Amino acid sequence: MHPSIDVGSPDMRVTHSLLHTDDLARLLEREYAIVAPVTVSLLNRGFNDTYRVTDADGGRRVLRVYNRDKYWIRSESDLLFELDLLEHLAAAGLAVVRPYPRTTGDRLGRLGAPEGERGFALFTHAPGRPSYEGTLTADQWRGFGAGIARMHREMDAFRTDHDRYHLDERVLIHRPLAGLAPYAGSERALADLAELTRLGGQLTDRLRRLRTIPGAYGIVHGDLHRGNTHVDDEGRFRTFDFDHCGFGLRAYDLVAQYRGPDSPAGDRDRWTAVLAGYQEVRPLSPAEVEGLPALAACRALWDVGDWLGATDRTGDAWVTEAVITKLLADVRAASG
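With the UniProt record's numbering, letter number 167 in the sequence shown gets 167, and the count goes up by one each step, no holes.
Here it is as structure tokens:
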């Protein structure tokens with residue numbers, strides 16, 4: 001016989017729990033001015049747990065329950081920065097989601113979970129479909145780029161007592177490379193990682209030079225891939241998921257759309273339209289435009305490093321030596 005396990009042992013710790021949607025519904029009914037009864041359903045689990053919320057009148061909202069122990073969240077102040085920023089942008093008329101105030105007046109709630117206290121916030125719903133679905137015109141993509149530029153201009157006017165992290169070389173380059181090191185077991189993988197480290201040094205120098213350009217550095221969304229913007233039936237964009245927002249190079253917000261000269265023609269046309277729309281509202285300097293490929297290479301590194309930071313919740317079976325080889329190819333291709 002196997003020895004019995006005391007499932008109630010206080011020594012059994014929890015990394016990340018999935019909360020019951022019925023309990024979350026009751027929480028929302030207590031915490032917000034919302035028409036009960038409320039139904040809650042899980043949309044996705046990632047760097048946070050995200051839920052669809054439907055009130056008794058059919059109104060839709062989105063609930064985020066923040067994960068604990070994320071490398072870019074140092075304290076509650078970081079969460080309040082994000083919510084204050086969204087309130088500022090929405091109040092200025094930008095097409096972003098807006099956090100709802102709780103009945104107590106603040107926007108950040110706290111709940112008890114098995115792993116400890118977790119923050120939560122309720123947001124307006126972004127109607128439509130992800131911008132990677134369907135076919136959008138060049139004029140629409142120009143409008144998207146112009147919207148990013150307007151967002152950056154409005155971010156310059158944002159003031160808050162709270163602080164946020166910086167998407168600098170430590171986050172974009174050094175942290176991903178250090179995270180990959182334990183997975184480089186063969187001579188080939190070690191050589192690939194050594195080459196990535198060499199390229200990372202060059203990219204670090206580029207980032208530091210770009211930061212010296214007046215106006216090039218400021219608050220950014222941080223993760224403006226096409227899944228974080230919806231397009232409604234009228235063709236209007238609405239951006240959400242500012243969870244990775246922080247201080248960084250403004251041009252970095254564009255490179256999730258960047259496509260190099262070897263990309264398919266449709267992808268290059270989309271990128272050309274996005275960049276042109278941005279330039280019409282907030283022109284980049286020639287040095288910033290020249291640095292876009294290097295920033296695209298930084299984003300490729302950051303993306304792998306970002307998921308490496310979530311392996312305690314999502315697992316690391318995907319981190320193979322082939323990932324290192326592909327990343328090296330992507331960084332080479334992006335940086336030229």
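Every residue gets a Cβ at the ideal spot worked out from N, C-alpha and C, and that includes glycine.
Just so we're clear, the structure is a prediction, and the values are computed from it rather than from any experiment.
Item                                                                                                           : Value
Check whether His-230 and Cys-245 have beta carbons under 8 Å apart                                            : no
Residue from Val-274, Tyr-71, Trp-307 and Leu-210 with nearest C-alpha to Arg-142                              : Val-274
Uninterrupted beta strand (DSSP E) stretches inside the stretch 68 to 129 (no shorter than 3 residues)         : 109 to 113 and 116 to 124
Beta strand (DSSP E) runs contained entirely in the stretch 181 to 255, provided each spans 3 or more residues : 217 to 220, 229 to 231, 237 to 239 and 246 to 249
Beta carbon of Ala-92 nearer than 8 Å to that of Leu-19                                                        : no
Three-pair Cβ contact test at 8 Å for the stretch 26 to 41 versus the stretch 93 to 105                        : yes
Continuous beta strand (DSSP E) stretch holding Arg-282: start and end                                         : No beta strand (DSSP E) contains Arg-282, which DSSP labels as neither H nor E.
Segment limits, alpha helix (DSSP H) that includes Arg-61                                                      : Looking at the DSSP string, Arg-61 is not in any alpha helix (DSSP H); the run it does join, the beta strand (DSSP E), is 60 to 66.
Helix, strand or coil at Ser-41 according to DSSP, with G and I counted as helix                               : strand
Extent of the continuous beta strand (DSSP E) run through Asp-49                                               : 48 to 54
Nearest-angstrom beta carbon gap, Phe-123 and Arg-68 [assumed within contact, 8 Å]                             : With a Cβ gap of about 20 Å, Arg-68 and Phe-123 do not count as contacting.
The stretch 291 to 301 in contact with the stretch 143 to 161 per 3-pair CB rule at 8 Å                        : no
Nearest-angstrom Cα separation, counted from Val-38 out to Pro-316                                             : For the record, residue 316 in the displayed sequence is Asp; it is not Pro. Rounded to the nearest angstrom, the two C-alpha atoms are 36 Å apart.
Segment contact flag, the stretch 124 to 135 with the stretch 43 to 51, C-beta cutoff 8 Å, min 3 pairs         : no
Distance, Asp-168 Cα to Arg-198 Cα                                                                             : 17 Å
8 Å Cβ cutoff met for Ala-95 and Phe-237                                                                       : yes
Closest residue to Gly-201 among Leu-172, Gly-227, Glu-187 and Arg-226 (Cα-Cα distance)                        : Leu-172
Where His-166 falls: helix, strand or coil (DSSP)                                                              : strand
Span separating the alpha-carbon of Gly-179 from that of Phe-120                                               : 28 Å
Beta-carbon separation (whole angstroms), Leu-224 vs Ile-148, contact threshold 8 Å                            : 7 Å
C-beta atoms of Arg-26 and Tyr-66 nearer than 8 Å                                                              : no
Among Tyr-278, Gly-59 and Leu-254, the one whose alpha carbon lies nearest that of Ala-297                     : Leu-254
Close beta carbons around Gly-260, own chain, < 7 Å, minus the five adjacent residues each side                : Pro-293, Ala-333 and Ala-334
Residue from Asp-163, Gly-248 and Leu-42 whose Cα sits closest to the Cα of Trp-302                            : Gly-248
Residue nearest to Leu-42 in terms of C-alpha spacing, selected from Glu-82, Ala-36, Asp-232 and Asp-23        : Asp-23
Option nearest Glu-256 by Cα separation, candidates Asn-228, Glu-187 and Glu-234                               : Going by the sequence as given, residue 256 is Ala instead of Glu. For Ala-256, the nearest C-alpha among the options comes from Asn-228.
Reference Glu-234, options Val-97, Arg-175, Pro-127 and Gly-109, closest by Cα                                 : Pro-127
Pick from Thr-137, Phe-158 and Asp-192 that is closest to Asp-84, judged by C-alpha positions                  : Phe-158
Closest Cα partner of Asp-288 within the set Leu-207, Ala-36 and Glu-187                                       : In the sequence as presented, Asp is not what sits at residue 288; that position holds Glu. Comparing Cα-Cα distances from Glu-288 to each of Leu-207, Ala-36 and Glu-187, the minimum goes to Leu-207.
Residue closest to Tyr-217, alpha-carbon to alpha-carbon, out of His-166, Asp-306 and Leu-193                  : His-166
Ala-191 at chain C interface by Cβ criterion, 8 Å                                                              : In the structure shown, chain C cannot be found, because there is only a single protein chain.
Own chain residues within Cβ distance below 8 Å of Val-35, not counting five before or after                   : Asp-55, Ala-56, Asp-57 and Gly-59
Of the listed residues Arg-313, Ala-181 and His-125, nearest to Arg-98 (C-alpha basis)                         : His-125
For Met-12, three-class secondary structure by DSSP                                                            : coil
Gly-109 burial status per 10 Å Cβ neighbour count (16 or more: buried)                                         : buried
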